[in-house]
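Enquirer: Just so it is clear: in the sequence shown, position 2 is 132 by our numbering, and no numbers are missing. From the three backbone atoms N, C-alpha and C, an ideal C-beta is built for every residue, glycine too.
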Amino acid sequence: MKLKALELIVIIAFVIASQTVSSQPNILLIISDDLNTRIGPYMDLDKHTPNLDRLANEGVQFTRAYCQYPLCGPSRASIMSGLHTETNGVAGNSHVLGSFRAVNPKLSNHPSMAGFFKEQGYYSARVSKIYHMGVPGGIEQGAPGGDDPDSWDYTYNVMGPETMSPGKLELLSPGNLHYGSNFSKMIIPDELEGTQTDYITTSQAIAILENRTRPLAPNGRNLTRLKPEAPFFLGVGLVRPHVPLIAPENCFIHYPEDEMELPEYTIGDNVPKAALHNQNGNRQKMSKEQQKKAIGAYMASVRFMDQQVGRLLDALDRLEVRDETIVIFISDHGYNLGEHDCWSKHSLWEGVARVPMIISYPGNKSQHGKKSETITELIDLYPTLADLCGLSDKQPEILQGESLAGIIKGEEQKLQKLVAYTMTGKDAASIRTERWRYTRWGEDANGTNEELYDHENDPEEHSNLVGRVEYSKDLEELRQVFENTRESARNGLSQ
Ligand SMILES: [Ca+2]
Numbered sequence: 131m132k133l134k135a136l137e138l139i140v141i142i143a144f145v146i147a148s149q150t151v152s153s154q155p156n157i158l159l160i161i162s163d164d165l166n167t168r169i170g171p172y173m174d175l176d177k178h179t180p181n182l183d184r185l186a187n188e189g190v191q192f193t194r195a196y197c198q199y200p201l202c203g204p205s206r207a208s209i210m211s212g213l214h215t216e217t218n219g220v221a222g223n224s225h226v227l228g229s230f231r232a233v234n235p236k237l238s239n240h241p242s243m244a245g246f247f248k249e250q251g252y253y254s255a256r257v258s259k260i261y262h263m264g265v266p267g268g269i270e271q272g273a274p275g276g277d278d279p280d281s282w283d284y285t286y287n288v289m290g291p292e293t294m295s296p297g298k299l300e301l302l303s304p305g306n307l308h309y310g311s312n313f314s315k316m317i318i319p320d321e322l323e324g325t326q327t328d329y330i331t332t333s334q335a336i337a338i339l340e341n342r343t344r345p346l347a348p349n350g351r352n353l354t355r356l357k358p359e360a361p362f363f364l365g366v367g368l369v370r371p372h373v374p375l376i377a378p379e380n381c382f383i384h385y386p387e388d389e390m391e392l393p394e395y396t397i398g399d400n401v402p403k404a405a406l407h408n409q410n411g412n413r414q415k416m417s418k419e420q421q422k423k424a425i426g427a428y429m430a431s432v433r434f435m436d437q438q439v440g441r442l443l444d445a446l447d448r449l450e451v452r453d454e455t456i457v458i459f460i461s462d463h464g465y466n467l468g469e470h471d472c473w474s475k476h477s478l479w480e481g482v483a484r485v486p487m488i489i490s491y492p493g494n495k496s497q498h499g500k501k502s503e504t505i506t507e508l509i510d511l512y513p514t515l516a517d518l519c520g521l522s523d524k525q526p527e528i529l530q531g532e533s534l535a536g537i538i539k540g541e542e543q544k545l546q547k548l549v550a551y552t553m554t555g556k557d558a559a560s561i562r563t564e565r566w567r568y569t570r571w572g573e574d575a576n577g578t579n580e581e582l583y584d585h586e587n588d589p590e591e592h593s594n595l596v597g598r599v600e601y602s603k604d605l606e607e608l609r610q611v612f613e614n615t616r617e618s619a620r621n622g623l624s625q
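1. Pick out whichever of T396, G297, T332 and W479 has its Cα sitting closest to the Cα of R567.
2. Hey, would you say the C-beta of K177 is under 8 angstroms away from at least one heavy atom of ligand 1?
3. Do three or more CB pairs link the stretch 274-289 to the stretch 225-236 at distances below 8 angstroms?
4. At the level of alpha carbons, what is the spacing between T332 and L442?
5. Run through DSSP, which three-state label would E607 get?
6. Can you give me the C-alpha to C-alpha distance between M487 and G577, rounded to a whole angstrom?
7. How is N494 classed by DSSP in three states: helix, strand or coil?
8. I'd like the list of long-range same chain contacts for M131, defined as Cβ closer than 8 angstroms, with 5 residues on each side in sequence excluded.
9. For ligand 1, enumerate in chain order all residues having a CB closer than 5 angstroms to any of its heavy atoms.
10. Are E300 and M316 touching if we call contact CB-CB under 9 angstroms?
11. Quickly, what does DSSP pair N466 with across the bridge? List them, please.
12. Measure the C-alpha to C-alpha separation of D510 and M243 and round it to an integer number of angstroms.
13. Examine chain D for any beta-carbon lying closer than 9 angstroms to the beta-carbon of G268, and answer yes or no.
14. Using DSSP bridges, identify the partner residues of M553.
15. Checking 9 angstroms against the spacing of the C-beta atoms, do A427 and S303 come in under that value?
16. In whole angstroms, give me the CA-to-CA distance for L159 and L165.
17. Return the chain-ordered list of same chain residues with a C-beta closer than 6 angstroms to the C-beta of I489, the five sequence neighbours on each side being excluded.
18. By DSSP, does P513 sit in helix, in strand, or in coil?
19. Would you kindly work out how many angstroms separate the C-alpha atoms of M289 and M429, rounded to a whole number?
20. Expressed to the nearest angstrom, what Euclidean distance is found between the alpha-carbon atoms of D399 and A445?
21. Determine the DSSP secondary structure at P180, reduced to helix, strand or coil.
22. Return the bridge partner residues of Q409 from the DSSP annotation.
23. Going along the chain, which residues of its own chain have a beta-carbon closer than 7 angstroms to the beta-carbon of A360, five neighbours each way excluded?
24. Decide yes or no for the touch test of the stretch 398-417 against the stretch 560-574: beta carbon pairs closer than 8 angstroms, at least 3 of them.
25. If we ignore side chains and look at the alpha-carbon of each, how far apart do S208 and V220 end up?
26. For Q610, count neighbouring C-beta atoms within 10 Å of its own C-beta (all shown protein chains included) and say buried if the count is 16 or more, exposed if not.
27. So which of E581, T455 and D471 has the shortest CA-CA distance to N412?
28. Hey, could you find the ends of the beta strand (DSSP E) E580 is sitting in?
29. Check M435 in the structure and name its three-state DSSP category.
30. Given a threshold of 16 other Cβ atoms within 10 Å of its Cβ, counted over all protein chains shown, does S496 qualify as buried or as exposed?
31. I'd like the span of the beta strand (DSSP E) that includes R570, first residue to last.
32. Considering only C-alpha positions, which residue in the set P200, K298, K501 and S522 is nearest to D183?
33. For I488, write down the residues that DSSP places opposite it in a beta bridge.
34. Note down, in chain order, each residue of its chain lying with its Cβ closer than 7 angstroms to the Cβ of G622, except the 5 sequence neighbours on either side.
35. Please classify N102 as buried or exposed, where buried requires at least 16 other C-beta atoms within 10 Å of its C-beta.
36. Report all residues from its chain with a CB closer than 7 angstroms to the CB of G540; omit the five preceding and five following residues, and keep chain order.
Here it is, written out as structure tokens:
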């Protein structure tokens, strides 16, 4: 009799728990790799990314969102931990399984964003690159990279052909022969798009959506489904436009190389050398013609990636779960394509620190299509999603980001923070305020390792104002803001 009562309690608890969970939205997190903000919804030009434009019209687009570290591994560890790099400890492209939880013993029990939702009863799945994976090498091996297995109920590592794709790989950067960082392009026949990593990733993600959203059959057909009624947290990692720049012909035809324009730049004498380490002549050594080809191939890769976003959105519509699913689209960091004569990532320029971020929350249609210029960071995602799913009171206290749910719901919300913080290397970092970018290459300021840009008058960061008397008061203030921000980024575990 006692046993029966206990069973009843367990059953009631299970029913209550599953009702609570089932009232929570699904989460589809799409992370593109090395995508800057030259894309459709952010550019004056449109028609490059119709599917991202469509998503932007179904959500809120954050136009001043910044990464914590402009490199795949550290950025992704900060997104998933909800902690700054200096606090989570992943400052390189580590392939250590367990990510930040393995690297930093103090965080061994800190759930990742996906792990948190898993703990809260969600079914959590990853397809391809969410934590760090080497592109193209890790993808060619089908390896898990620096994944955190405890984040997920299910994982799928795509083995894609990448540099061995069916086409002719053209090296564009004679100064760099490393295929994870050089510029190379390949046009593949349209009918072979299904061979490509992002296509396979998307197909597998759609298969998971099919599996997780079909109603349970009364005859017990789906009894094999793990957490049968749970909402899902599905992370989908698209690897383009990370190099090598491979895309089908239908994507390339829009970008004839002779029509590509190289950005104009001026570089002042007072720009620290460290800021310019990615200048073309230092590494890639591309001719102007090769640079134009690289931009065209990058855009073609963006277009191919965008097509995959469209397939995911179509699947949500077809399965009639779009209104129950939060869709987030981000990139792990930005990218230079010739601005400041610099190429690729690993810098602290605006174009490298800034990322696209679209959050489509089905409960706020009145806000759909709106843009927010609030300064935000990728570490804000974790508390934002916890908040949107009614789980704020359960999230770890140490999270360093701030919920953006109020903005997404159209409430009057001013964030407490006014600054985005991005670091790179051992001790270089940059802050972005509403008006300024202040960057320091080293621990202490010495006037020669600093940059100050006024985004109100110089959005392309052409003129470093450090040393100009009329800005000395602003510089002093920003130095102080920088030091306070860095202190708090570094000491996330000691508060
Ligand atoms: Ca990346």
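Expert: Taking the coordinates as given:
1. On the sequence shown, residue 567 is found 437 positions in, with the first residue counted as 1. Minimum Cα distance to R567 is reached at W479.
2. For this step, residue 177 is matched to residue 47 along the sequence shown. Every heavy atom of ligand 1 is 8 angstroms or more from the Cβ of K177, so no.
3. yes
4. Counting from one through the sequence shown, the residue named residue 332 turns up at place 202. Counting from one through the sequence shown, the residue named residue 442 turns up at place 312. Those two C-alpha atoms are separated by around 7 angstroms.
5. As a first step, residue 607 is located in the sequence shown; it is residue number 477 there, counting from the start. Note: E607 maps to helix in three-state DSSP.
6. The count along the sequence shown starts at 1 and reaches residue 487 at position 357. The count along the sequence shown starts at 1 and reaches residue 577 at position 447. Distance between the alpha carbons of M487 and G577 is about 34 angstroms.
7. For the purposes of this step, residue 494 is taken as residue 364 along the sequence shown, with counting starting at 1. If DSSP states are grouped into helix, strand and coil, N494 belongs with coil.
8. The sequence position of residue 131 within the sequence shown is 1, counting from 1. Below a pLDDT of 50, predicted positions are generally treated as unreliable, and M131, at 39, falls in that range; the measurement from the model is reported next regardless. Same-chain partners within the cutoff: there are none.
9. D163, D164, C202 and D462
10. Mapped onto the sequence shown, residue 300 falls at position 170. Mapped onto the sequence shown, residue 316 falls at position 186. In this structure, M316 lies closer than 9 angstroms to E300 by Cβ.
11. Position 336 of the sequence shown, counted from the first residue, corresponds to residue 466. In DSSP, N466 forms a bridge with S474.
12. Walking along the sequence shown from the start, residue 510 turns up at place 380. Walking along the sequence shown from the start, residue 243 turns up at place 113. The straight-line gap from Cα to Cα measures roughly 11 angstroms.
13. No chain D is present in this structure, which holds just one protein chain.
14. Numbered from 1 along the sequence shown, position 423 holds the residue referred to as residue 553. In the DSSP output, where bridge partners are listed per residue, M553 has A559.
15. Counted from its first residue, the sequence shown places residue 427 at position 297. Counted from its first residue, the sequence shown places residue 303 at position 173. Not closer than 9 angstroms, so no.
16. Residue mapping note: residue 159 aligns to position 29 of the sequence shown, counting from 1. Residue mapping note: residue 165 aligns to position 35 of the sequence shown, counting from 1. The straight-line gap from Cα to Cα measures roughly 15 angstroms.
17. If you number the sequence shown from 1, residue 489 lands on position 359. Counting only Cβ-Cβ distances below 6 angstroms, and skipping sequence neighbours, we find G189, V190, I458 and I538.
18. In the sequence shown, counting from the first residue as 1, residue 513 sits at position 383. It is helical.
19. Here residue 289 refers to the residue found at position 159 of the sequence shown. Here residue 429 refers to the residue found at position 299 of the sequence shown. Their Cα atoms are separated by approximately 23 angstroms.
20. For the purposes of this step, residue 399 is identified with residue 269 of the sequence shown, where counting begins at 1. For the purposes of this step, residue 445 is identified with residue 315 of the sequence shown, where counting begins at 1. Whole-angstrom Cα-Cα distance: 52 angstroms.
21. Start at 1 with the first residue of the sequence shown, and residue 180 comes out as number 50. Reduced to three states, the DSSP call for P180 is helix.
22. To locate residue 409, count along the sequence shown from 1; it is residue 279. Paired residue(s): C472.
23. Locating residue 360 in the sequence shown gives position 230, where the first residue counts as 1. Correct list, in chain order: V151, G251, Y252 and Y253.
24. yes
25. The residue you call residue 208 lines up with position 78 of the sequence shown. The residue you call residue 220 lines up with position 90 of the sequence shown. So the alpha carbons of these two residues sit roughly 8 angstroms apart.
26. By one-based count along the sequence shown, residue 610 stands at place 480. Exposed: under 16 other Cβ atoms inside 10 Å.
27. Indexing the sequence shown from 1 puts residue 412 at position 282. Comparing Cα-Cα distances from N412 to each of E581, T455 and D471, the minimum goes to D471.
28. Start at 1 with the first residue of the sequence shown, and residue 580 comes out as number 450. Note, E580: beta strand (DSSP E), E580 to D584.
29. Sequence index remark: in the sequence shown, residue 435 carries index 305 (1-based). Here M435 sits in helix by DSSP.
30. Here residue 496 is taken as the residue at index 366 of the sequence shown, counted from 1. The residue is exposed, with fewer than 16 neighbouring Cβ atoms inside 10 Å.
31. One-based indexing of the sequence shown puts residue 570 at position 440. Element bounds for R570: W566 to W571.
32. One-based indexing of the sequence shown puts residue 183 at position 53. Cα-wise, what sits closest to D183 is K501.
33. The residue you call residue 488 lines up with position 358 of the sequence shown. Paired residues: Q191 and F459.
34. The count along the sequence shown starts at 1 and reaches residue 622 at position 492. Excluding residues within five positions, the ones whose Cβ falls inside 7 angstroms are L213, H214, T217, I528 and Q530.
35. Lying before the first or after the last residue shown, residue 102 is absent from the chain, which here runs from 131 to 625.
36. By one-based count along the sequence shown, residue 540 stands at place 410. Excluding sequence neighbours, G540 sits near N494, S496 and Q497.
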